[in-house]
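Residue numbers (the numbering used here): 14 to 159.
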């Protein structure tokens with residue numbers, strides 16, 4: 014055993030550390046975004062209403078989406094607006110087609126893609142991740158928050 018550890022000790026240590034990191038990553042869950050939903054019927058009704066609705070099209074594997082999610086979560090926790098964070102790669106084909114075909118999303122070419130709707134119309138959009146201050150300014154300019 015000593016001979017094995019002296020020869021492969023560093024490799025064993027790295028494997029154990031990596032395993033611990035993976036286990037902790039699974040166990041530590043972030044606080045979910047309020048109103049997060051992939052229910053397209055609910056999303057369609059909300060975006061057609063006279064409320065401001067913020068929709069983010071993201072992907073689970075997109076590093077920019079991963080970075081932007083806590084920024085959006087912080088803003089939503091602070092200002093409590095209607096938000097849908099939709100992971101495109103987890104939607105069914107029908108739901109994805111509903112999401113991208115309901116509104117004119119000509120600027121949608123990648124993720125994260127954020128857009129604001131009210132009364133069935135897209136009011137404005139953002140492409141890519143943004144910092145907190147830029148996001149708040151965008152939401153204020155579009156009357157989502159005061």
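All residues carry an ideal CB built from backbone N, CA and C; glycine is no exception.
As the structure is a prediction and not an experimental result, all values here were calculated from the model.
- Its Cα nearest to that of residue 133, the residue 61 stands out among 61, 52, 69, 77.
- Counted as a single uninterrupted DSSP element, the beta strand (DSSP E) harbouring residue 71 occupies residues 66-71.
- With respect to the C-alpha of residue 72, the residue from 139, 152, 103 having the closest C-alpha is 103.
- Its chain contains 59, 60, 95, 130 as the residues whose beta carbon lies nearer than 6 Å to that of residue 66, once the 5 sequence neighbours on both sides are disregarded; these appear in chain order.
- Under the three-state reduction of DSSP output, residue 127 falls in the strand class.
- In this structure, the straight-line span from the alpha carbon of residue 80 to that of residue 142 is close to 7 Å.
- Distance from the Cα of residue 157 is smallest, within the candidate group 108, 140, 127, for 127.
- Distance from the CA atom of residue 146 to the CA atom of residue 109, rounded to whole angstroms, is 30 Å.
- Closest by C-alpha distance to residue 113, out of 151, 54, 97, 70, is 70.
- In the structure shown, residue 119 adopts coil according to DSSP, grouped into three states.
- Straight through space, the alpha carbons of residue 120 and residue 87 are spaced by roughly 25 Å.
- Minimum Cα-Cα distance from residue 140 among the listed residues 77, 19, 55 corresponds to 77.
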